[in-house]
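What follows is a single structure, written as structure tokens, with notes after it.
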Amino acid sequence: MPYFTYRGKEIFYQEAGQGEPCLFLHGNTASSRMFTFLLPLYTRHFRVILLDFLGNGKSQRVDAFPEELWIDQGRQAAELCRRLDCGKVNLVGTSGGAYAAINAALEAPELFGRVVADSFDGSALPQGFGDGILRERQAAKGDEQARGFYEWCQGEDWETVVDLDTQALVNYERKGVRLFHRPIETIQVPLLITVSRADRMLANDMEGECRRLCGLNPNIHYKLYETGEHPLILSRAEELAGDVRAFLVPDGVT
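For our numbering, count along the sequence shown from 1 and bump the result up by 581.
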């Protein structure tokens with residue numbers, strides 16, 4: 582299995598398909614396994630690259646996640662792209678991976694072509710975010726389906742991974758940890774934000790947030806879906822895949 586070294590730790594990645602390179606970034610407490618059933622929608626059109634963020638999936642474990650978790654995960658993605666040396670890479674990040682994708686493009690725009698931020702909850706966390714995460718994770722641990730997803734993505738030590746991730750997210754609010762390397766509106770590559778009005782896990786007014794960001798930077802675009810659970814990339818898989826392909830390859834690979 583292929584790995585690359587990031588700050589002395591081994592990070593797992595894999596590739597499938599042919600075409601323009603496209604790196605998919607998973608959300609918090611997930612791993613690249615979450616994209617398993619989506620691959621046929623993308624591998625006919627793209628060289629799909631998947632990674633497990635440090636401490637997740639098949640990547641090396643850590644004692645604690647970095648305080649600036651999504652900034653660091655963006656750097657992990659950028660480092661993989663440097664190692665692969667395959668020209669400009671498109672990014673598709675979902676949920677927490679959306680924050681990592683945006684951070685990667687903010688910090689190293691020379692590495693990336695276009696970015697999709699799916700099921701993204703805005704440039705600032707809502708008040709009460711930390712307490713909400715604690716309640717959500719406690720409930721998930723008592724839910725058989727959620728526990729099964731965690732174990733499928735992380736393996737037997739899933740509970741440790743979830744607890745470490747929970748602490749990192751709670752600290753964003755409690756310690757005032759920054760979400761981004763620099764303001765989103767300074768992004769230099771095209772960015773598409775995709776969100777659902779029906780996503781109960783998004784706490785911010787994302788329609789207003791998307792309009793605000795689009796007004797600040799012509800590189801930023803968005804699409805609102807009337808229906809679809811979190812994350813959209815799974816719940817509205819075929820429709821979103823079509824929109825992603827159209828955005829990433831505007832000249833028309835479908």
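Don't be surprised by glycine CBs; every beta carbon is placed ideally from N, CA and C.
Its chain contains TYR806 as the residues whose beta carbon lies nearer than 8 Å to that of GLU820, once the 5 sequence neighbours on both sides are disregarded; these appear in chain order. Per DSSP, the unbroken alpha helix (DSSP H) holding ALA686 starts and ends at 677-688.
If you look at THR775, you'll find it in the beta strand (DSSP E) that goes 772-777. In the same chain as SER700, and ignoring 5 residues on each side of it, the C-beta atoms closer than 8 Å to its own belong to GLY608, THR675, SER676, ALA679, THR775, VAL776, SER777, ASP780, MET782, LEU783, HIS811, PRO812, LEU813 and ILE814, in chain order. PRO602 is bridged by DSSP to ARG628. Looking at the DSSP output, ALA698 sits in a beta bridge with GLY674 and ILE774. Between GLN654 and ALA681, the gap from beta carbon to beta carbon is short of 7 Å. By the CB criterion at 7 Å, GLY600 and PHE627 fall inside the cutoff.
If you ignore the 5 residues before and after SER704, its C-beta comes within less than 6 Å of the C-beta of ILE765, all in its own chain and listed in chain order. Close CB contacts of PHE710 within its chain, under the 6 Å cut and outside five residues either way in sequence, are with GLU754 (chain order).
For PHE593, the enclosing beta strand (DSSP E) has its first and last residue at 590-597.
Taking a contact as a CB-CB distance under 8 Å, the pair ARG656 and GLU691 does not count as one, their CB atoms being some 14 Å apart. If you check the CB distance, GLY823 and SER816 do not come in under 7 Å. PHE618 counts as exposed, since fewer than 16 other C-beta atoms from the protein chains shown sit within 10 angstroms of its C-beta. The DSSP-derived three-state label of LEU622 is helix. Boundaries of the beta strand (DSSP E) around LEU805: 801-806. Here ALA749 is buried: its Cβ has 16 or more other Cβ atoms, across all protein chains shown, within 10 Å.
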